[in-house]
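Read through the structure below, which is laid out as C-alpha cells, and then see the notes.
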Amino acid sequence: QTVKPEALHTMPEVFQPRKAMNDEGFKTIAEAWDAERQAPIDVTVIDGKYVVYAGHHRLEAALYRQNVLGIPTEVDIRVHGWGDTQTNLVRAQELADFDNISRTVQSPLDNAGVVRRAVQRGDDYKTIKSKMNNITEADVIRLDKINDLPNGLQTALGDNWDMQAGSYRNQN
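Using the working numbering, you'd call the opening residue of the sequence shown number 1367 and step up by one each time.
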C-alpha cells in the first residue's frame, strides 16, 4: 500500500528509545531516495490511525523530501495487526524494541529500557537474549540492573556505563 507520508503518525515515546532523531541519517536517506528500493515502513493501527513502529528515519526522509526539498513523495507501508488497539500497541512495541537493538546503535540506557519493557511483558532473561543479537544472558541481566538505579544516577552514567564490566567507567 502506498500513502503520503503525512498520513502516518508516530509515537516516539513508545517506539523510539533514542532521545533524538539522527538528522544526518534521514537526510542521507532523503538525498539517496530511490522509491523502487526503499523498504516499506511498518505500521500498525492505533485508535484508527496508521502508526509507524519501524521506519522512522524513512518517514522523516520522505517528509524532508516533500516539505524541505519540494519533491512530492509517497511511501510504501506494511500494515500489521494482531487484534485490538492494545494488542497492536504491545506487539508493535516488542517488535520495534528488538528491531532497534539489532539495527541501530543505542546507549546502554536505551537498551536497558528495552529489557525493562520485555521483563514487564513477562519475558525471562533467556527469552530476551534470544531476541537480541550479539549479547549474552549476563549482558541482559546487567542491563536489567541499570533499571534498578535511581533515574538521576542512570542519567548521570549515560553512555559511560560499561555493560561488559557492569560498572561505571571514567572516560576523562
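Cβ coordinates follow ideal geometry from the N, Cα and C atoms, glycine included.
Who does R1360 pair with in a DSSP beta bridge? Only positions 1367 to 1538 of the chain appear in this structure, which leaves residue 1360 out of reach.
Identify whether A1401 lies in helix, strand or coil by the three-state DSSP scheme. Within the sequence shown, the letter at position 35 stands for residue 1401. DSSP places A1401 in coil when its eight states are reduced to three.
Let me know the secondary structure DSSP gives K1415 once reduced to three states. If you number the sequence shown from 1, residue 1415 lands on position 49. It is a strand residue.
Between which two residues does the alpha helix (DSSP H) harbouring E1426 extend? Position 60 of the sequence shown holds residue 1426. Start and end: 1422–1433.
T1502 (DSSP reduced to helix, strand or coil): One-based indexing of the sequence shown puts residue 1502 at position 136. Looking at T1502 - three-state DSSP - the assignment turns out to be coil, as it is neither helix nor strand.
Using DSSP bridges, identify the partner residues of T1493. In the sequence shown, counting from the first residue as 1, residue 1493 sits at position 127. Note: T1493 sits in no beta bridge, so no partner.
Among all the DSSP beta bridges, which residues are the ones paired with V1369? In the sequence shown, counting from the first residue as 1, residue 1369 sits at position 3. By DSSP's assignment, V1369 forms a beta bridge with V1441.
So, is G1421 buried or exposed, given that buried needs 16 or more other C-beta atoms within 10 angstroms? Sequence index remark: in the sequence shown, residue 1421 carries index 55 (1-based). When all chains shown are included, G1421 counts as buried.
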